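In what follows, a single structure is set out as structure tokens and then discussed.
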Amino acid sequence: MSGDHGHRDSQVVSCGANGRETQKHRDKHKDKDHKHKDHKKEKGDKIKHSNSEHKEHSEKKHKDKEKLKHSNGGSDKHKEKQKDKDKKREEKSKSSHSEKPKKEKENGYVGETSPAAIKSEPEENNGFYPSPQHKPPKREYDDEEFENKPKKVKVELDKKAKKRKYEYEDDEEEEDVKHKKKSKDKKAAEGKKAKKEAEDKWKWWEEERYTDGSKWRFLEHKGPVFAPAYEPLPEKVKFYYNGKPMKLSPLAEEVATFFAKMLDHEYSTKDIFRKNFYKDWRKEMTSEEKSIITDLNKCDFSELNEYFKAQSEARKQMSKEEKQKIKEENERLLSEYGFCVMDNHKERIGNFRIEPPGLFRGRGDHPKMGMLKRRIRPEDVIINCSKDSKHPKPPPGAKWKEVRHDNKVTWLASWTENIQGSIKYIMLNPSSRIKGEKDWQKYETARRLKKCVDRIRTQYRDDWKSKEMRIRQRAVALYFIDKLALRAGNEKEEGETADTVGCCSLRVEHIKLFPKMDEQEYVVEFDFLGKDSIRYYNKIPVEKRVFKNLQLFLENKQPEDDLFDRLNTSILNKHLQELMDGLTAKVFRTYNASITLQQQLKELTCSDDSIPAKVLSYNRANRAVAILCNHQRAPPKTFEKSMQNLQTKIDEKQNQLSAARKQLKAAKANHKASHDDKSKKAVEVKRKAVQRIEEQLMKLQMQATDREENKQIALGTSKLNYLDPRISVAWSKKWGIPIEKIYNKTQREKFAWAIDMAEKDYEF
DNA sequence: GTTAGAACTTAGAAAAGCGACT
DNA sequence: AGTCGCTTTTCTAAGTTCTAAC
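If you count the first sequence from 1, position 125 lands on 124 in the working numbering, and the numbers rise without skipping.
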């Protein structure tokens, strides 16, 4: 593992201690948060104060040794800006609320009109993209590919490239068909269809990329699908206030149903959630309702809740035909709105439905949980498409907010969401060219890092000794990012989101230093909430120099002060950019994840293992990465039970095995006695049976191990986002493992480029 | 150099789908 | 046919990074 230095191995092991955050822990954090907030309320003055204190102190201490450029202004400024922004936001949301026409039938449904289907290949060559009929120039995908400033790729025709196509897809089709035991006719028809589809699959990775920063030349789509209009509750389903039935106005009723649907969820018991909901609910009430409803605790939504439960029950109980009808309708919607035409190719859209209104559910202790996520109307939506395309039609009687033609971006539609004020986008599916190219490029950047990571590591180790505080901080932070695969850690606006951190935003309270712990020296304990409020807990021994630096960074700071007070992601990334073109903090995560997979696969795969055993090895390698990246999940609710079931199966199989063995023995004895052909055959039959059962048992045991080890670990995220798929493809080719064992259909679609191009000797 | 906004990737939970078993 | 348990798909929140404007 040339690019990897020793620390990785210990990491994989030591990370195993990461536990999922327990309720207790969450509560602990909550308390801390309160303290924290109270403290930070006076941040404006206090920080200045404490910072200048810190400055003074530091300067006293390191005056001669260290050049301390400390800009500390901005606290007050920041506070003011913050206020301004808040005000603006409030006004914005107020106006959007009051401007909202009270009755809008067209709100939320798709136009009835169903114009001609999207042509899958437009006749005229609208863009300048080479059409598939013209043989595309083949791309070379060696290391030099995907430089940051893309160069023109040699134009060179390759007719053979087409031959080797989609072996996997074909295999699978056949398998599927066999499995379902379709009639011969159907089988033949499907086979043909599959072939045709495979032929139509476009290998964008064999074509040139745009070099001018544009993302497409031609883009045509039908616009997003809006959430269905609100259907008022039937008369008999009643909301009660203070024990008395009360008919709500449609708007207030709709918001009430959002809450009623969540009654069984823990959310609805949380104070902040209830408070936020109540506040936003009141905004939708008529003045009369407002005057009556004054206490959320006196509201009784239970009948509403039961009504929705009954409805979903009824949906489950529907007849086959009805279900089929719904399915067909969904398919129709998908085929009409789920695709677009980008540069002569029909591409799948990732999310073609606009998010329906509801109550905001943040992750972790989110200050905005329970707020009303308002309904998006066509008037809120910006459409992006090419000028010369057939523009999407807004629903009848409605208008788009804007139609623009910006081919420097990849989105088809966007709107501004009212909780954080951020923009949401309609974009293409991961299998699309535009996403795939970017993904490929990401791994190429990580591979470039592999080539220079030794140099960078030497450099940051050197920087631990720097005279400048900011450089030492940068170097220690980078070390964490590299060694522990931490995220960059941008600053976040306080009170806007849950209190989570990444590397650069770590606070004093998130680490503990132990000069000695058990057998080890210089141990750092990390305990913080990262992205999605997932707890990161880890104890690792670090080098003495790192340890000493951390002690220095901690000096004279409060628990809620930043550990790296002279560092942020922008400074860090600027530095990284100088070390390598295209290098940013997250590249380390990609690099370390992929290199770990490759190395673990090498280590764990035994050539004479069976296929299931090899797949287990693969999953274990995948797991090592997931642990490194701290990808956790809540243990499945039925975990214990499902483990038990599996164990029962194993026990049964074991009994079967001993029975089969006994029979084999008997058959052997019989054969010894009689020496005839018949008894010989019987022995063979029994021997085979034993073998088969042994295999089955192994497989079950394998499954059990895999599942047990996977209890709290989510493999999907790393598989989908961090592991260069070519490593997996190469591995599967090398060992003759069908790719279906590693990648499901969706994943194979996303990684089609890798499946097509990686050979068994591919090296990350 | 700071900050806000835009664009895009990464993330886990929940819903939906589906095959095996009863 | 209905239920169960697992897998896949969908959903959308929450990150990172880049850019442009001061």
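All C-beta atoms in this analysis are idealised placements derived from N, C-alpha and C, irrespective of residue type, glycine included.
Please read these numbers as outputs of a predicted model, since none were measured by experiment.
Rounded C-alpha distance that separates F276 from P223: 28 Å
C-beta contact flag for L722 and N621 at 9 Å: yes
Spatial distance of K613 from W734 (CA atoms): 8 Å
Contacts around L485, its chain only, beta-carbon distance under 7 Å, and the 5 residues preceding and following it disregarded: F479, G501 and C502
C-beta contact flag for M341 and L232 at 9 Å: no
9 Å Cβ cutoff met for H365 and I291: no
R208 beta carbon less than 9 Å from that of E378: no
Local conformation of G357 per DSSP, three classes: strand
Helix, strand or coil at D387 [DSSP, three-state]: coil
Span separating the alpha-carbon of V545 from that of W463: 7 Å
Pair within 9 Å by beta-carbon distance, I382 and V408: no
Nonlocal neighbours in the same chain, by C-beta distance under 6 Å from A666, ignoring five residues either side: A681, V682 and K685
Sequence-distant residues of its chain with Cβ nearer than 6 Å to A729 (five each side left out): A757, K759 and Y761
Identity of the residue in Q646, Y521 and C298 nearest F258 by Cα: C298
DSSP state of Q646 mapped onto helix, strand, coil: helix
L218 versus L371: straight-line alpha-carbon distance, rounded: 34 Å
Close Cβ partners of M701 (< 6 Å) along its chain, the five nearest in sequence each way excluded: P611 and L615
S213 versus S388: straight-line alpha-carbon distance, rounded: 17 Å
Cross-strand partners of S413 (DSSP beta bridge): I381 and Y424
Between the CA atoms of K679 and V12 - distance to the nearest angstrom: Summary for V12: the model assigns pLDDT 34, below 50, so the residue's position carries little reliability; its value from the coordinates is reported in the next sentence. Approximately 51 Å, taken between the alpha carbons.
Residue interval of the alpha helix (DSSP H) (run including P540): Premise fails: P540 lies in the beta strand (DSSP E), R534 to P540, not in any alpha helix (DSSP H).
Counted within 10 angstroms of its Cβ, other Cβ atoms place K659 as buried (16 or more) or exposed: Checking the sequence, you will find Ala at residue 659 rather than Lys. Per the 10 Å Cβ criterion, buried.
Contacting residues, own chain, Cβ-Cβ under 7 Å from F351 (five flanking each side not counted): P223, V224, Y336, G337 and I425
Length of the line joining the Cα atoms of T745 and K538: 37 Å
DSSP three-state assignment for C451, whether helix, strand or coil: helix
Pairwise C-alpha distance: K515 and Q550: 14 Å
Environment of T604 [buried if 16+ CB atoms lie within 10 Å]: buried
Beta-carbon contacts of E602 that lie in its chain and below 7 Å, excluding the five residues immediately before and after: none
Option nearest N241 by Cα separation, candidates L528, Y521, D561 and S301: S301
Short Cβ contact (9 Å threshold) for K749 with P724: yes
Distance cut-off 8 Å: V624 Cβ against heavy atoms of the ligand MN: This structure lacks the ligand MN, and indeed carries no ligand of any kind.
D184 classed as buried or exposed, judged by whether at least 16 other C-beta atoms fall within 10 angstroms: In this predicted model, D184 has a pLDDT of only 43, less than 50, meaning its place in the structure is not dependable; the value taken from the coordinates is given anyway. Counting Cβ neighbours within 10 Å, D184 comes out exposed, since fewer than 16 surround it.
Cβ pair P507, F513 closer than 9 Å: Before going further, note that residue 507 is Val rather than Pro in the sequence given. No; because the gap between Cβ atoms is not below 9 Å, this pair is not in contact.
Proximity below 9 Å, CB of F238 to CB of E252: yes
Rounded Cβ spacing between I726 and L566 (contact assumed at less than 8 Å): Incorrect: roughly 32 Å between the Cβ atoms, too far for contact.
9 Å Cβ cutoff met for T444 and G581: yes
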